[in-house]
Each structure stands twice: as structure tokens, then as C-alpha cells.
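**Q** Submitted below is the structure of interest, expressed as C-alpha cells.
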């Protein structure tokens with residue numbers, strides 16, 4: 288299954304974006320089910336390989352989404368620090384928007 292990538296800024300990971308959050312939660316839930324099946328060891332070798340491949344894809348997607356969310360949080364924290372008065376009396380530097388990948392780059396939305 289291919290990962291769809293778009294360039295729309297509307298799908299960046301933002302606080303409260305229900306589509307991205309729901310997709311992440313569905314992916315994690317499916318990944319947990321796959322891990323449980325693999326741990327039981329009662330599936331055929333072919334099914335186990337298919338589950339492993341799907342699980343690896345889901346794990347990568349979730350990891351990328353978490354990294355993007357972490358970058359977003361760091362950018363917000365930097366923005367907050369820039370807005371607070373500086374102790375040394377220097378003027379605040381201009382704000383820049385973080386360059387974040389679109390959220391649907393991580394999931395098949």
C-alpha cells in the first residue's frame with residue numbers, strides 16, 4: 288500500500304485535526320492487533336509475513352506522524368519563547384512558520 292503525499296497546507300498536523308488524530312489512532316489499533324496475532328504464533332507463515340509487512344508500514348507511518356507532531360510542538364514552544372519579553376532587552380525576532388510535511392503524507396487518508 289503506497290503512502291499518498293500531497294502539498295496542501297490544510298492537512299498539516301495541527302492541534303485538534305480530527306482526521307489525522309483518528310487515522311493515527313486507527314493505525315495504532317491495527318498495529319496492536321497485528322502484534323497480538325504475531326505473538327500468538329497461530330497464523331500461517333504467509334499470513335505472518337503479510338502481517339509483519341503491514342505492521343512495519345503502520346509503525347513507520349505512526350513514527351513519522353509523531354515526529355511531525357513533535358516538531359510542531361517544538362515550533363510552538365519556540366514561538367512562545369520569542370513572544371515572551373527578553374531579559375536582555377533585545378527586540379523579538381520575527382516569527383517563522385515551521386516547514387511541516389502534510390499529515391496525509393503519513394497515512395492513506
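In our numbering, the protein residues as written are 288 to 396. Where is the CB? At the ideal position from N, CA and C, for every residue including glycine.
1. Which residues in the same chain as residue 346 place their Cβ atom closer than 8 Å to its Cβ, once the five residues preceding and following it in sequence are excluded?
2. Compare the Cα-Cα distances from residue 306 to each of 352, 328, 330 and 342 and report the closest residue.
3. The alpha helix (DSSP H) spanning residue 342 covers which residue range?
4. Closest to residue 320 by CA distance: which of 367, 309 and 335 is it?
5. Which stretch, first to last residue, makes up the alpha helix (DSSP H) that contains residue 329?
**A** So, from the listed chains and residues:
1. Here residue 346 refers to the residue found at position 59 when the chain shown is read from its first residue. Hits under 8 Å: 318.
2. Here residue 306 refers to the residue found at position 19 of the chain shown. Nearest of 352, 328, 330 and 342 to residue 306, Cα basis: 352.
3. Your numbering for residue 342 matches position 55 in the chain shown. Where residue 342 is concerned, the enclosing alpha helix (DSSP H) stretches over 332-370.
4. Your numbering for residue 320 matches position 33 in the chain shown. Among 367, 309 and 335, the Cα nearest to that of residue 320 belongs to 335.
5. The residue you call residue 329 lines up with position 42 of the chain shown. That residue, residue 329, is in no alpha helix (DSSP H); it is neither H nor E in DSSP.
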